[in-house]
Each structure stands twice: as C-alpha cells, then as structure tokens.
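Residue 38 in numbering that gives the first Met the number 0 sits at position 39 of the sequence shown; the count goes up by one each step and never skips. All C-beta atoms in this analysis are idealised placements derived from N, C-alpha and C, irrespective of residue type, glycine included. Quick notes on the structure that follows.
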Amino acid sequence: MADAATQLGWAAAGTTVPWTAHTAYPRAALLPLALAALLAGAAAVAAGTGWEERGGRYRRHAVTAVLLVTVPLYAAGSSGLPVHFVQLATLSGLESATGLAQVLLDTAGATLLILTALTRRRRHTGRCPRCGQPHPGPAGGELRHPAPTPPGRRTRTAAYLLLLGLLPWAGVKTVWTLGGDALGITAEAWAASAADGTSGVTRALAELGVDVTVFAAAVGVLLLLGLLQRWGQTFPRPLPLLGGRRVPRLLPLVPAWLTGAPLAMYGLVLTALAPLLATGALPAPSVTPPFTSTAGLLWMTEFGGLAFTGLGRGLLLAARSYAARTRPVCAGTERETAGGGRETAGGSGKTAGGGGEAAGRMAG
Numbered sequence: 000m001a002d003a004a005t006q007l008g009w010a011a012a013g014t015t016v017p018w019t020a021h022t023a024y025p026r027a028a029l030l031p032l033a034l035a036a037l038l039a040g041a042a043a044v045a046a047g048t049g050w051e052e053r054g055g056r057y058r059r060h061a062v063t064a065v066l067l068v069t070v071p072l073y074a075a076g077s078s079g080l081p082v083h084f085v086q087l088a089t090l091s092g093l094e095s096a097t098g099l100a101q102v103l104l105d106t107a108g109a110t111l112l113i114l115t116a117l118t119r120r121r122r123h124t125g126r127c128p129r130c131g132q133p134h135p136g137p138a139g140g141e142l143r144h145p146a147p148t149p150p151g152r153r154t155r156t157a158a159y160l161l162l163l164g165l166l167p168w169a170g171v172k173t174v175w176t177l178g179g180d181a182l183g184i185t186a187e188a189w190a191a192s193a194a195d196g197t198s199g200v201t202r203a204l205a206e207l208g209v210d211v212t213v214f215a216a217a218v219g220v221l222l223l224l225g226l227l228q229r230w231g232q233t234f235p236r237p238l239p240l241l242g243g244r245r246v247p248r249l250l251p252l253v254p255a256w257l258t259g260a261p262l263a264m265y266g267l268v269l270t271a272l273a274p275l276l277a278t279g280a281l282p283a284p285s286v287t288p289p290f291t292s293t294a295g296l297l298w299m300t301e302f303g304g305l306a307f308t309g310l311g312r313g314l315l316l317a318a319r320s321y322a323a324r325t326r327p328v329c330a331g332t333e334r335e336t337a338g339g340g341r342e343t344a345g346g347s348g349k350t351a352g353g354g355g356e357a358a359g360r361m362a363g
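Have a look at this one:
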C-alpha cells in the first residue's frame with residue numbers, strides 16, 4: 000500500500016523519478032506501477048492467509064500470474080541499489096533522493112515477494128512454510144539454528160576463482176589512481192574526467208591510491224568472505240555487545256542477493272558486448288575522454304564485465320551456500336513415537352539409541 004500510494008503521489012505531482020543516472024521513469028508508467036504494487040500486495044495477502052487455497056486452482060493461478068509479473072518488475076527496479084550504496088558509503092552525495100526512495104521501495108518489494116513465493120512453494124510441496132522441512136504439526140514455536148560450519152571446498156574454490164575476475168579491472172584503475180598510464184590513458188586524464196562531482200572522501204581515497212569504485216568492490220569482497228567464513232555466522236567475540244552472538248541470516252543474505260543479481264546481469268551484458276563491438280557485429284562506440292582509442296574503451300568494457308560478473312556470481316554462489324548452512328528448523332522436525340524412539344520429519348523410524356546422530360544433525 001505504501002508503494003502504491005507513493006507512485007500515485009508522484010504521478011499526481013508530476014515528479015520526475017530517475018531509474019538510472021540518465022534515464023527517468025515515464026510519467027505514464029507511474030500509474031501502472033501503482034497498480035502492480037496493489038496487485039503484489041493482494042497476492043502476498045492471498046498467499047499468506049490461505050485465501051488462494053480455499054478457492055481452488057483459479058485463485059492459485061491468479062496469484063502465480065501476479066508473482067510471475069511483479070517479482071521481475073521489482074527486481075529490475077532494485078538493480079540501482081549498488082550505485083546508491085557506493086554513493087552513500089563514500090559520502091559522494093545522492094543524484095536523486097526520489098531515485099533512492101524508488102530503489103528502496105523496489106528492493107523491499109522484491110524481497111517480500113521472493114519470500115512470499117518461497118513460502119508458497121514450500122506449502123504446496125508439503126513442507127513447513129517457515130523452515131522448509133517436512134514435519135508434523137503446525138509451523139511455529141522454537142527454531143533450532145545449526146552450529147557455524149564452513150562451506151565445502153568446491154564452493155570455496157569456485158567463489159575465489161570468480162573473484163579473480165576483479166583483478167584486471169581493479170588493477171587498471173589502481174594504476175591510474177597511483178599516477179600511472181594504462182590502456183592509452185594517462186593518470187592526469189583519468190583524474191580530470193573523474194573529478195567532477197566527487198566528494199572530499201573520494202578525493203582523499205584517490206590521494207591514498209584507492210579508487211572509490213575499487214573500494215566499493217572491496218566491500219563486496221568482504222561481504223562474500225563473510226558468507227564463506229565462520230565469522231559471518233557468529234559475530235567475532237571482540238565486538239562489544241554483539242561478540243559471540245549469532246548473525247541474523249538475512250543480514251548478509253539480503254544485500255548479497257540484491258547486489259549479486261544485478262551485478263552478475265550487468266557484467267554478463269558487458270562481457271558479451273565487448274567482443275560484439277570489437278568484431279564489428281555492433282556499430283563501434285564513440286570514443287570520449289578520458290579514452291583515446293576504441294581498443295582502450297573495449298578492453299575496459301571487457302574488464303568491467305569480468306569484474307562485475309565475477310563478484311556478482313561469487314556473491315550469489317556464497318549466498319546460496321550460506322542460506323543452506325544456516326537454515327533453521329522448527330523444533331517439531333522431531334517427535335517422540337509411541338514406542339519411545341524418535342521419528343524424523345521424513346517418516347523413518349529411529350530407535351532412541353540410533354536416532355541421536357540424526358537428531359543432532361537436524362538440531363544443528
């Protein structure tokens with residue numbers, strides 16, 4: 000409702016709502032966006048209250064259709080979140096408060112709708128909508144969180160290999176920031192092109208030899224490492240107040256999902272675009288400062304594609320592993336059988352002595 004009211008308010012006031020730095024939503028699109036917000040809210044309520052279940056397959060199909068349309072719509076709208084994050088983290092200033100508000104609304108909508116779709120799928124497949132495990136009894140009560148565990152070696156290796164895609168892009172930008180020349184571009188030309196609109200923090204980082212976008216990528220790498228290490232599941236003990244406490248699962252997962260997906264998609268576009276431009280399959284781009292040649296521009300495009308694809312896919316891979324390793328289960332995943340042993344949610348009977356290992360694994 001808040002999203003729909005906001006879109007209607009902007010439409011009535013004739014407010015310009017940026018989508019990217021150089022593109023705004025058409026004013027005529029704000030009314031359909033308000034309608035989509037209302038439909039998405041209705042679908043979430045229908046899925047959460049069981050209304051669709053009481054109406055047969057037609058209601059289920061209607062809710063499915065709304066989710067299939069609105070989830071990609073909100074996900075596309077949230078793609079600008081990394082850009083706004085970089086602006087806020089580096090104190091570079093906001094290009095548009097309205098654009099940030101729209102991105103936050105889309106991000107919240109995408110998150111809630113994805114969780115709604117996940118819960119709905121669990122319910123339809125006979126699993127607990129809360130913990131995702133099949134077990135007797137209603138969802139609710141105590142949740143048992145597993146002990147911190149690292150991912151498997153294959154997951155770690157794949158994630159670290161994906162991070163190697165950052166090296167050419169970050170290396171070239173670091174060379175420029177440190178005063179060197181690369182890809183036919185001098186450090187002075189790069190600094191002059193990047194000087195407009197930069198904040199004091201950005202300039203201070205540049206004086207230390209750190210490009211602000213490389214700094215933002217380092218924040219993403221830190222998030223990825225947290226998803227792969229034990230300290231990403233339990234706050235380090237030296238931290239005041241939080242030391243030793245369990246990290247809420249959505250705290251790293253939501254930014255990893257919402258940052259990793261748009262980065263991976265954007266990176267794939269750049270990675271595919273550079274060879275098409277280089278081979279003449281697409282018209283050659285115009286060369287603008289600080290670039291002095293088409294080759295330099297295309298190499299930097301390819302380097303950016305490798306960097307964004309590697310970091311984005313690495314975040315998604317690490318987030319998938321983290322979600323599986325930290326998934327809690329309801330205390331009802333085990334129940335005492337009439338014979339005194341334990342019966343797991345899968346229905347296989349265990350004796351009191353033989354079911355302890357399975358019970359321990361499920362309880363974490």
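Bounding residues of the alpha helix (DSSP H) (the contiguous stretch that carries residue i)
i    : result
A323 : T293 to R324
F214 : V211 to L227
G108 : A96 to H123
G170 : L165 to T176
L161 : R152 to L162
A10  : A1 to A12
G131 : Neither: G131 is in no alpha helix (DSSP H) and is coded neither H nor E.
G76  : R56 to G76
R53  : W50 to R53
Local Cβ density within 10 Å of residue i, reported as buried at 16 or more and exposed below that
i    : result
V171 : buried
E141 : exposed
G179 : exposed
M299 : buried
G278 : According to the sequence displayed, residue 278 carries Thr and not Gly. The residue in question, T278, is exposed, as its Cβ has fewer than 16 Cβ neighbours within 10 Å.
H134 : buried
L241 : exposed
S78  : buried
G151 : exposed
A146 : exposed
T371 : The structure shown does not extend to residue 371, since the chain is modelled only from 0 to 363, so the question has no answer here.
T176 : buried
L238 : exposed
T287 : exposed
R341 : Because R341 carries a pLDDT of 40, less than 50, the predicted location of this residue cannot be relied on, and the following value inherits that uncertainty. By the 10 Å Cβ count, R341 comes out buried.
G345 : Residue placement at G345 is poorly supported in this model, since its pLDDT is 40, which falls under 50; the coordinates still yield a value, given next. Flag for G345 reads exposed.
E335 : Unreliable placement is indicated for E335, whose pLDDT of 37 sits below 50; the coordinate value is still reported in the next sentence. Label assigned to E335: exposed.
A12  : exposed
G259 : buried
E187 : exposed
R236 : exposed
P31  : exposed
G8   : exposed
Strand pairing of residue i, partner residues [DSSP]
i    : result
L142 : C329
R245 : T233
P17  : A23
A181 : I184
From the options, residue whose alpha carbon lies closest to that of residue i
i    : options                   : result
V68  : A39, R56 and L80          : A39
L162 : A322, A4 and G303         : G303
A35  : G13, W18, A12 and T5      : T5
P282 : D105, A64 and T293        : T293
A215 : R244, W168 and L227       : W168
F290 : G243, A322, A109 and T185 : T185
Y24  : V102, V213 and V211       : V102
L111 : D2, F234, A318 and A146   : D2
W256 : V213, Y321 and G98        : Y321
T270 : R59, R56 and G164         : G164
G231 : V246, V218, P237 and G98  : V246
T325 : A158, G131, A96 and E187  : G131
C329 : H144, T148, G243 and P261 : H144
E301 : V286, L275 and S285       : L275
V16  : M0, G98 and T106          : G98
T212 : V65, A33, H83 and M0      : H83
P327 : P128, G259 and L30        : P128
A43  : A33, R244, T63 and P284   : T63
W18  : L104, A41, G8 and G55     : L104
P254 : L226, S285 and F234       : L226
L182 : L297, R319, L30 and T14   : L297
H60  : R126, A273 and A116       : A116
A318 : L252, T173, A280 and G295 : L252
Residue i CB to nearest heavy atom of the ligand GTP below 8 Å
i    : result
P135 : Among the ligands in the structure shown, none appear at all, so the ligand GTP cannot be discussed.
Contact between the stretch 307-323 and the stretch 262-269 is defined here as three or more beta-carbon pairs at a separation below 8 Å; is this criterion met?
yes
Does the stretch 216-225 touch the stretch 312-323, meaning 3 or more C-beta pairs lie closer than 8 Å?
yes
Counting Cβ pairs, one atom from each stretch, are 3 or more of them under 8 Å apart for the stretch 106-126 and the stretch 72-79?
yes
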